[in-house]
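When the sequence shown is numbered by my numbering, its final residue is 1838 and no position is left out of the sequence of numbers.
In this text, a Cβ means the ideal position worked out from N, Cα and C, and glycines have one as well.
Every value quoted in this text rests on a predicted model; they were computed, and no experiment measured them.
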Amino acid sequence: MYFADEPEHITMLRDSLRRFTEQEAPRERRQEWQAAQTWPRDVFAKLAELGVCGLTVAEEFGGQGQDWYAATAVIEELSRAGTYLCGPFIQCAFYGGGNISESGSPAQKTELLPKIAAGELHFAYGLSEPDTGGDLANVKTRAHLEDDGHTVVINGTKRWCTGADWADYIFCFVNSDPDGEKYRNLSMILVPTDAPGITRQQLSHRNLVYSHSFDVYFDDVRLPAENILGGPDAWNQGWRGLAGRSLDVEKIEVAAMTFGLAQAAVEEAWEYAQQRRQFGKVISGHQAVRHELVEARTKLEACRHMLYHAAWLVDQGRPASVETSMAKLFVADVGVEIGMACQRILGAYGLSEEFDMAQTVMDLIGMPIVGGSSHMQKNNIANRLGLAG
Ligand SMILES: Cc1cc2nc3c(=O)[nH]c(=O)nc-3n(C[C@H](O)[C@H](O)[C@H](O)COP(=O)(O)OP(=O)(O)OC[C@H]3O[C@@H](n4cnc5c(N)ncnc54)[C@H](O)[C@@H]3O)c2cc1C
């Protein structure tokens, strides 16, 4: 089973996405997007026409039926061309399709999932805060229900909210009961980005440059209780949605993006090393470079196994909390090693804007931090495996 070929529909999906990115996302266009720190709406619309956004949505809501393995392969293939298509794909199909399918109320599913499957809606994550990173159960953004029980009022600040300017909704993770028991005092609210009371301040960052990220201020943002993810009955149950299957999916998604980026780094270095000549021969003929390239490919292969085994478990609906954490941990940390080794092979050109490498490495460096840091993954794994301490 471990060594079976990928199903034919995955091979066909990869082929069509490779053709798509070669045609629609050549290096010149990627450089334009990088300079403008943006993603191409026109190309994304064409991508959505391929039906890929429906891979996280059930057929009854207009999707292709949830296929987490295929959706993982989409992230991998898109991120071989940087984050410019992969980022918005994740913010549609994974943030939206994953969370609404898993935790949405019947009304939220009916309203939102068909638009997600069509690639028409994007979501941002409002989890981190100025004083809250990994320790998400400690968020300070506060929400309360007004006396009528029908209106939620949100106050607080979210940090690093990627795409808060172009997403349609923010998943805003709030403390909804300051006197409540830890983990039973949290809710997730679906906040339209144009809701009155929201303001933004742009932050600067060098990774994930398909978008800007923002501090988002919530100042008496008032919404119907129907905007609680899962509906009014899911008040104070936000942790269950965040820490359950959605978290497994989130770890896979970051690992897949890392894997695609690491592959791009290896491909660029592999090609460069066979062109660049020093000391009378191509640099791939020097043993040090030759070995470095082979080590990078070997690590890449190990990442592939970790990633797709975890994705397969998720797809099968099997328990996957340990394997997804291991995959996120391993692929993110090894992805940085791969990127740095490949960058060295390009010498000065690994730092030049003329090649993809500098941005690829910058994106890779962020991966052990976002989506649950490597330290947090180690804590999760140790706890899940019952390690005393
Ligand atoms: C470009 C970019 C985009 C982002 N986009 C989003 C987004 O859209 N939405 C969002 O909500 N967030 C986003 N983030 C934030 C990201 O998720 C956080 O950076 C991440 O969760 C880590 O939080 P922190 O940086 O505050 O680190 P901290 O939690 O402060 O941790 C700092 C260091 O201490 C370590 N550490 C902390 N606690 C422990 C512990 N218990 N045991 C061992 N080590 C520990 C960490 O591993 C890390 O090395 C983004 C970040 C970046 C850079």
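Spatial distance of residue i from residue j (CA atoms)
i: Asp1668; j: Arg1591; result: 10 Å
i: Ser1660; j: Val1698; result: 22 Å
i: Ile1732; j: His1571; result: 44 Å
i: Ile1818; j: Trp1688; result: 21 Å
i: Ala1711; j: Trp1684; result: 40 Å
i: Pro1645; j: Val1506; result: 30 Å
i: Asp1782; j: Met1816; result: 8 Å
i: Glu1772; j: His1758; result: 8 Å
i: Lys1558; j: Ile1459; result: 27 Å
i: Asp1628; j: Asn1634; result: 8 Å
i: Cys1535; j: Gln1480; result: 15 Å
i: Asp1516; j: Lys1748; result: 26 Å
i: Gln1808; j: Ala1751; result: 23 Å
i: Glu1525; j: Glu1595; result: 44 Å
i: Leu1639; j: Thr1611; result: 15 Å
i: Asp1643; j: Tyr1666; result: 12 Å
i: Met1852; j: Ala1745; result: No statement about residue 1852 is possible, as the shown extent of the chain runs from 1450 to 1838 and does not include it.
i: Ala1556; j: Leu1585; result: 27 Å
i: Cys1791; j: Asn1656; result: 18 Å
i: Asp1805; j: Leu1795; result: 11 Å
i: Gly1511; j: Ala1566; result: 6 Å
i: Gly1575; j: Pro1563; result: 23 Å
i: Leu1800; j: Phe1708; result: 21 Å
heavy atom of ligand 1 below 6 Å from residue i C-beta
i: Trp1609; result: yes
i: Leu1576; result: yes
i: Ile1818; result: yes
i: Gly1605; result: no
i: Asn1656; result: yes
i: His1824; result: yes
i: Ser1662; result: yes
i: Gly1583; result: yes
Buried versus exposed, by CB contacts within 10 Å (16 or more), residue i
i: Pro1475; result: exposed
i: Gly1531; result: buried
i: Asn1587; result: exposed
i: Gly1605; result: buried
i: Lys1827; result: exposed
i: Glu1578; result: buried
i: Arg1468; result: exposed
i: Glu1477; result: exposed
i: Asn1832; result: exposed
i: Pro1537; result: buried
i: Leu1496; result: buried
i: Pro1489; result: buried
i: Gln1540; result: buried
i: Phe1663; result: buried
i: Arg1694; result: buried
i: Gly1813; result: The question names Gly, but residue 1813 is Leu in the sequence shown. Burial call: buried.
i: Lys1730; result: exposed
i: Thr1521; result: buried
i: Arg1767; result: exposed
i: Asp1682; result: exposed
Limits of the unbroken beta strand (DSSP E) element including residue i
i: Thr1606; result: Thr1600 to Thr1611
i: Cys1621; result: Tyr1618 to Asn1624
i: His1885; result: An answer regarding residue 1885 cannot be provided, because it is not within the stretch 1450 to 1838 covered by the chain.
i: Pro1673; result: Ser1662 to Pro1673
i: Pro1537; result: Element bounds for Pro1537: not the beta strand (DSSP E) but the alpha helix (DSSP H), Cys1535 to Phe1538.
i: Ile1647; result: Ile1647 to Gln1651
i: Ser1774; result: Counting along the chain, Ser1774 falls outside any beta strand (DSSP E), though it belongs to the alpha helix (DSSP H) covering Ser1770 to Ile1794.
i: Ile1638; result: Leu1635 to Pro1641
Endpoints, alpha helix (DSSP H) assigned at residue i
i: Pro1555; result: Pro1555 to Ala1566
i: Gly1575; result: Looking at the DSSP string, Gly1575 is not in any alpha helix (DSSP H); the run it does join, the beta strand (DSSP E), is Phe1572 to Gly1575.
i: Val1763; result: Gln1736 to Asp1764
i: Gln1712; result: Arg1694 to Gln1724
i: Leu1466; result: Glu1457 to Glu1473
i: Ser1822; result: Ser1822 -> no alpha helix (DSSP H), and no H or E assigned at all.
i: Phe1493; result: Arg1490 to Glu1498
i: Asp1812; result: Met1806 to Gly1815
i: Ala1484; result: Arg1476 to Ala1485
i: Ser1801; result: Where Ser1801 is concerned, there is no enclosing alpha helix (DSSP H), given that its DSSP letter is neither H nor E.
i: Asn1548; result: Asn1548 to Ser1552
i: Tyr1544; result: Here Tyr1544 belongs to no alpha helix (DSSP H), and DSSP marks it neither H nor E.
i: Trp1517; result: Trp1517 to Ser1528
C-beta neighbour in chain D for residue i, strict 7 Å
i: Leu1696; result: The chain inventory of the structure shown lacks chain D, comprising one protein chain alone.
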